[in-house]
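All residue numbers for the sequence shown refer to UniProt numbering, where the first residue is 1 and numbers rise by one.
Glycine residues also receive a C-beta, built at the ideal position from the N, C-alpha and C atoms.
Owing to the predicted nature of the structure, the values given are computational and were not obtained by experimental measurement.
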Amino acid sequence: MEVCVSERQASSGSSAGERQTREAGGYDFAAIQERWLPVWERLRPFEAGDGDGTRPRKYVLDMFPYPSGDLHMGHAEAFCFGDVLARYWRGRGYDVLHPIGWDSFGLPAENAAIKRGVDPREWTYANIAQQKASFRLYAPSFDWSRVLHTSDPEYYRWNQWLFLKMYEKGLAYRKASWVNWDPVDQTVLANEQVLPDGTSERSGAMVVKKKLTQWYFRITDYADRLLDDLDRLEGQWPAKVLNMQRNWIGRSRGAEVEFEIEGREEKVPVFTTRPDTLHGATFMVVAPDSDLAAELAAGASADVRMQFQAYLEQTQKQTEIERQNADREKTGVFLDHFAVNPVNGERIPVWASDYVLADYGHGAIMAVPAHDQRDLDFARRFELPVRVVVDVRDADGERLPDPAESGVATAGDGVLINSGELDGLDKAAAIAKAIEVLEARGTGRAATTYRLRDWLISRQRYWGTPIPILHGADGSMIPVAQSALPVELPASEGLDLKPKGSSPLGAATEWATVVDPESGETWTRDPDTMDTFVDSSWYYLRFLSATDDTQAFDPELARRWGPVDQYAGGVEHAILHLLYSRFVTKVLHDLGYLDFEEPFTALLNQGMVLQDGAKMSKSKGNLVEFASELQEHGADALRVTLAFAGPPEDDIDWADVSVQGSAKFLARAWRVADDVEHAGAPVGSGFADGDRELRAHTHHLLADAPGLVEAYKFNVVVARLMDQVNVTRKAIDSGCGAADPAVRESAEAIAVILSLFAPYAAEDMWAKLGHEPTVALAEWPAADPALLVEEEITLVVQVDGKVRDRLALPASVTAEEAEAAARASEAVQRSVGEREIVNVVVRVPKIVSIVTR
1 MEVCVSERQA SSGSSAGERQ TREAGGYDFA AIQERWLPVW ERLRPFEAGD GDGTRPRKYV
61 LDMFPYPSGD LHMGHAEAFC FGDVLARYWR GRGYDVLHPI GWDSFGLPAE NAAIKRGVDP
121 REWTYANIAQ QKASFRLYAP SFDWSRVLHT SDPEYYRWNQ WLFLKMYEKG LAYRKASWVN
181 WDPVDQTVLA NEQVLPDGTS ERSGAMVVKK KLTQWYFRIT DYADRLLDDL DRLEGQWPAK
241 VLNMQRNWIG RSRGAEVEFE IEGREEKVPV FTTRPDTLHG ATFMVVAPDS DLAAELAAGA
301 SADVRMQFQA YLEQTQKQTE IERQNADREK TGVFLDHFAV NPVNGERIPV WASDYVLADY
361 GHGAIMAVPA HDQRDLDFAR RFELPVRVVV DVRDADGERL PDPAESGVAT AGDGVLINSG
421 ELDGLDKAAA IAKAIEVLEA RGTGRAATTY RLRDWLISRQ RYWGTPIPIL HGADGSMIPV
481 AQSALPVELP ASEGLDLKPK GSSPLGAATE WATVVDPESG ETWTRDPDTM DTFVDSSWYY
541 LRFLSATDDT QAFDPELARR WGPVDQYAGG VEHAILHLLY SRFVTKVLHD LGYLDFEEPF
601 TALLNQGMVL QDGAKMSKSK GNLVEFASEL QEHGADALRV TLAFAGPPED DIDWADVSVQ
661 GSAKFLARAW RVADDVEHAG APVGSGFADG DRELRAHTHH LLADAPGLVE AYKFNVVVAR
721 LMDQVNVTRK AIDSGCGAAD PAVRESAEAI AVILSLFAPY AAEDMWAKLG HEPTVALAEW
781 PAADPALLVE EEITLVVQVD GKVRDRLALP ASVTAEEAEA AARASEAVQR SVGEREIVNV
841 VVRVPKIVSI VTR
C-alpha cells in the first residue's frame with residue numbers, strides 16, 4: 001500500500017524544514033562512535049563460545065600485528081578485510097572466533113629500545129597499549145577475552161615446550177655450519193630472511209657468510225608433505241602463494257652419484273637431475289666454503305693451499321646472489337686432486353669455484369660443460385675438455401653447433417651419443433637406464449633433493465624466547481625439565497644489548513649458571529634465543545586456550561575450532577611464516593595433538609596502501625597517518641574507503657581514493673533510517689504490502705551479497721549498497737514515502753549488510769529502526785525467490801551493429817516473440833527502410849541483432 005508524501009509528513013509530525021535540518025547536520029560520526037563504543041564494550045557481543053553448541057563454527061584470523069608504534073594504513077586495510085569476513089559469518093548464524101594478539105618479540109623492539117636507552121619490555125608494551133586504543137576506535141569485532149602477547153612468559157613457556165617436543169622427536173638439533181650473518185644486527189638469518197638482492201630483510205645490510213654452531217628445526221624431513229599437501233589448498237589459497245611455496249621447497253628428482261677422489265677413502269656423493277649425461281662430465285667443482293674443499297686443499301701443495309685460502313676469503317665476502325649471477329666471469333682454484341668418473345673410469349680434475357654453493361646437495365657437482373652454460377663458461381675459462389653427449393637439434397632437424405666452438409651450451413633434449421650403453425636413447429629412457437647402471441655397479445642410486453634447507457632458529461639477541469637447553473663443561477647437552485618452564489628472560493638492566501656477534505644473555509652470569517641441587521654439577525644455559533617465527537608458527541592454537549596455564553592448547557578445542565577457516569594478511573609472509581606454520585602443524589599432528597595437517601583452510605592476501613604510487617614512509621615524506629585519518633574522517637569512512645577501493649589483493653593508492661565520498665555515502669544511508677524513524681513506520685510489520693519494485697531491488701541485493709562477500713568482492717558489495725541507498729532515496733522522494741514497508745525493509749537490509757563495513761553507522765541505523773543492539777548479531781534477511789523473478793526485461797535491438805530501440809517485454813518472452821516485436825518496432829522499420837534483412841540473431845533476454853543488405 002502506497003503512502004503519499006503529505007500523509008507521511010503528517011503522521012510523523014515532521015515539517016520540511018525539520019527534515020532539512022536533520023539532513024544538514026544529523027550525521028555526526030564522532031557522536032555516533034562515542035555512543036556505541038561503550039555499549040559494545042558492555043555487551044561484549046564478539047566473544048566466541050567453546051564451540052560445542054548447536055551453531056556451526058568459523059575461525060577467522062588476521063595475521064597479528066607487530067607493536068612497532070601505532071597502527072598504520074596497512075593495518076587499517078588488513079584488519080578491515082578480516083573483520084568484514086568475521087562479521088559476515090557471524091551474521092550468517094555462525095559461532096565466530098575472531099581473536100587478536102601481538103607478535104611482540106623480535107629485533108625491531110630490541111633495536112628501538114637500544115636507540116632510546118629503554119627496556120625492550122617498556123617500549124613493546126607501551127606500543128601495544130597504543131595500538132589497542134586505536135583498534136578500539138577502529139572497531140574490529142575481536143574477541144578481547146583471548147588477547148595474547150608472544151613476549152609474555154605465559155606464552156613463550158609454550159614455545160619452549162614446542163622446542164622440547166621437537167628435540168624429543170629428533171627434529172631440533174645443533175650443528176656448526178655456514179650461516180647468513182647480518183653485520184648490522186649482528187645475528188644470523190634464515191635463508192628466507194635474505195632478500196633477492198642479498199640484503200637482510202631486517203637491517204638492509206648486505207648479508208655475509210659466517211661459520212657458527214646453531215640450532216635448527218629439521219623441516220626438510222617434511223619437504224615432501226609440505227610440497228604435496230599444497231594441492232589440498234588449490235582454489236583456497238592465492239595461486240601466487242602456492243607457486244612461491246612450491247618453488248621455495250624446490251623438489252628435484254634425479255640420482256646421487258658416488259665419485260671416488262684419488263687418495264681419499266670416502267667417496268663423494270653428487271646429486272644430478274641428469275645422470276644420463278655422466279659420460280659428458282669432464283671435471284668436478286666443489287664449493288670453496290665446503291668442508292670437502294678445505295680437506296682437499298689441506299692435502300695439496302703449499303702453493304695450492306695459499307691460492308685456495310685467498311680464494312676462500314674472497315668468496316666469503318660475496319653474497320649468494322652474487323655467486324649465482326650467471327653473467328659473472330668464472331673464477332676458481334685447481335685443488336691438485338682428481339676424481340674418477342664412475343661410468344667410464346676417466347680421471348677428471350677437481351676444482352673449487354664460487355658458483356657452487358656449500359648447501360646445495362653435498363657442495364659438489366659433476367660438470368658437464370657441453371650441456372650446462374655455467375660449466376661451459378668455466379671450462380672455456382680454464383681450457384677444460386668439452387664433450388657433447390646429447391644430440392640436440394633445431395626446429396629444422398639440424399644439429400646445433402658444437403658448444404666448445406660456439407660458446408653456447410646445448411641444454412635441450414635429444415638422443416644420447418658418445419655415452420656407451422646409453423647411445424640412441426631419448427632423455428627419459430637414458431635417465432632410467434643410467435640409474436639402473438649406477439645401482440648395478442654400486443656407484444649411485446635414484447635420489448631426490450630440495451632447495452629447502454633446515455630452519456635455522458638461533459638468534460644472538462636478547463628479546464626472544466630463551467632456548468631451553470643446558471650445556472655441560474664437557475660439551476654435553478640436556479633439555480630443561482618441562483616442570484621448570486618457562487625459562488624466563490632475565491631483566492635487561494645491566495646487560496649490554498648492543499649487537500656484538502654473541503648473545504647478551506651470555507653475560508647474564510647469574511641467570512646462565514644452573515647448579516644441579518642433587519649432584520652439585522654446574523650447567524650453563526644456552527645463550528641464544530629463538531627466531532620469532534617460532535612464536536607465530538602456532539599462535540593460532542594458543543588463542544583457543546589463551547588463559548590455560550596447564551597446556552599449550554586444548555586438543556579438544558583444536559578439534560572443534562581447527563583448522564582456521566579464513567586467514568587474512570600480507571603476501572610478504574607467503575614463504576616465511578606460512579611455511580613454518582604448516583610445518584609445525586604437521587609435527588603437532590604427528591605427535592597426536594591435532595587431527596588436521598594444514599593450519600589455514602582459506603587465505604586472503606591484501607595489497608599495499610601506497611601514496612602517489614610509492615610505499616608510505618617518513619623518509620619519503622609521503623606518510624599518511626592512520627591516527628589522523630581516523631580522527632578526521634572516522635572509522636566507518638576509512639573502512640568503507642578501503643573496501644570500495646578495489647579487489648583486496650590490489651594495491652591502493654591513497655591519493656586516488658575519496659574518504660569524503662565515503663562519508664557522504666554513509667550520511668545518505670544513515671538518513672534513510674532517520675526518515676523511517678520519523679515516519680513512524682512500525683517495527684516488525686510485514687513487508688508484503690510495500691512497493692514491489694523497491695522490494696525486488698532489495699531482495700536481489702540480499703541474494704547476491706553472500707556470494708560476493710565469500711568471493712572477497714567487497715568493493716562490489718559496497719557499490720551495490722550505494723545503489724540500494726540511491727534507489728531507496730528515490731523511492732522515498734518520489735512518493736512512496738518513508739512509511740512504505742518496502743522502505744523499512746530496504747533500510748533494514750542496508751543496515752545489516754553495511755555493518756560489515758561501517759559498524760557505527762549501521763548500529764545507529766539499526767537503533768533508529770527500532771531494534772535492540774547489536775546489528776552485528778542480527779540474522780541476515782533471506783531473499784524471497786518470488787521477488788527475484790523478473791516480470792519484465794529490456795531487450796536491446798540493433799540494426800547493422802547500431803542500437804535502434806529498447807523494448808520492454810515480459811520476462812517469459814520467447815525468441816520468436818522477441819524477433820517479431822523487434823521487426824514491428826517503428827524505429828527498427830525506419831532504420832531498415834528498403835534494405836533486405838538477411839539475418840536475425842536473437843539472444844533473450846539481452847539482444848536482437850538484425851543484419852541487412
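Going by C-alpha to C-alpha distance, which of Leu594, Asp535 and Asp548 sits closest to Val564? Leu594
Close-in-space but distant-in-sequence residues of the same chain around Lys165 (CB under 7 Å, 5 per side omitted): Leu591
Runs of beta strand (DSSP E) lying entirely within the region 595-631, each at least 3 residues, in chain order: 600-606 and 609-611
Beta-bridge pairing of Gln798 - partner residues as DSSP gives them: Val803 and Ser849
Whole angstroms are fine: how far does the CA of Ile321 sit from the CA of Pro196? 7 Å
Whole alpha helix (DSSP H) elements within the region 528-606, 4-residue minimum: 532-537, 539-542, 555-561 and 576-590
Could you check how far apart the C-beta atoms of Ala602 and Arg87 are, in whole angstroms? I think they sit under 8 Å. Not a contact, Cβ separation roughly 16 Å.
If we count the other Cβ atoms within 10 Å of its Cβ and call it buried at 16 or more, is Gly117 buried or exposed? exposed
Between which two residues does the alpha helix (DSSP H) carrying Glu329 extend? Per DSSP, Glu329 belongs to no alpha helix (DSSP H) and is neither H nor E.
Less than 7 Å between C-beta atoms, sequence neighbours within five positions excluded: which residues of the same chain meet that for Ala404? Val386
Pair within 8 Å by beta-carbon distance, Ala109 and Pro120: yes
Return yes when the Cβ of Asp691 is within less than 8 Å of the Cβ of Ala738, no when it is not. no
Output the distance between the C-alpha atoms of Leu497 and Pro67, rounded to the nearest integer angstrom. 19 Å
Take Val208 as the anchor and find which of Thr319, Arg253, Val392 and Lys175 has the nearest alpha-carbon. Thr319
Ignoring anything shorter than 4 residues, give me the alpha helix (DSSP H) runs that lie fully in the region 404-490, in order along the chain. 427-441
Is the Cβ-Cβ distance between Gly91 and Val752 less than 8 Å? yes
Residue range of the alpha helix (DSSP H) that includes Met284: Segment Phe283 to Val286 is the beta strand (DSSP E) holding Met284; no alpha helix (DSSP H) there.
Helix, strand or coil for Val368 per DSSP? coil
Which same chain residues end up closer than 8 Å to Leu557 when comparing Cβ atoms and leaving out the 5 residues on each side of it in sequence? Asp50, Gly51, Leu544 and Ser545
Secondary structure at Ala782, three-state DSSP: helix, strand or coil? coil
Using DSSP's beta-bridge definition, name the partner residues of Met206. Thr199
Only counting the same chain, and skipping five residues up and downstream in sequence, which positions put a Cβ closer than 6 Å to that of Lys846? none
Looking at C-beta atoms only, is the number of pairs between the region 524-531 and the region 463-472 that lie closer than 8 Å three or more? yes
I'd like to confirm the pairing. Which residues does DSSP put opposite Ala30 in its beta bridges? DSSP, once it has assigned bridges, lists no residue as partnering Ala30.
With respect to the alpha helix (DSSP H) encompassing Lys165, which residues constitute its N-terminal and C-terminal limits? Pro153 to Glu168
Counting C-beta neighbours from all protein chains within 10 Å, is the total for Asp413 16 or more, i.e. buried, or is it exposed? exposed
8 Å Cβ shell around Gln236 - same chain, five flanking residues per side excluded: Thr601, Ala602 and Leu603
Does DSSP classify Asp651 as helix, strand or coil? coil
Can you give the Cα-Cα distance for Arg22 and Ala669, rounded to whole angstroms? For Arg22, the predicted structure reports a pLDDT of 40, less than 50, and the residue's modelled location is therefore unreliable. The matter cannot be settled from this model.
Tell me, to the nearest whole angstrom, how far the beta carbon of Val534 is from that of Asn159; I am working on the premise that it is less than 8 Å. 6 Å
Which ranges would you report for the alpha helix (DSSP H) in the region 60-143 if only whole runs of at least 4 residues count? 73-91, 107-116 and 120-138
Given this structure, state the Cα-to-Cα distance separating Ala679 from Thr728, to the nearest angstrom. 14 Å
At which residues does the alpha helix (DSSP H) containing Arg305 begin and terminate? Ala302 to Gln316
By the three-class DSSP mapping on this structure, what secondary structure does Arg823 have? helix
How far does the alpha helix (DSSP H) with Tyr760 in it extend, from its first residue to its last? Pro759 to Lys768
With DSSP collapsed to three states, give me the class of Ser14. Any answer about Ser14 is weak, because its pLDDT of 40 lies below 50 and its placement is not dependable; what the coordinates show is given next. Here Ser14 sits in coil by DSSP.
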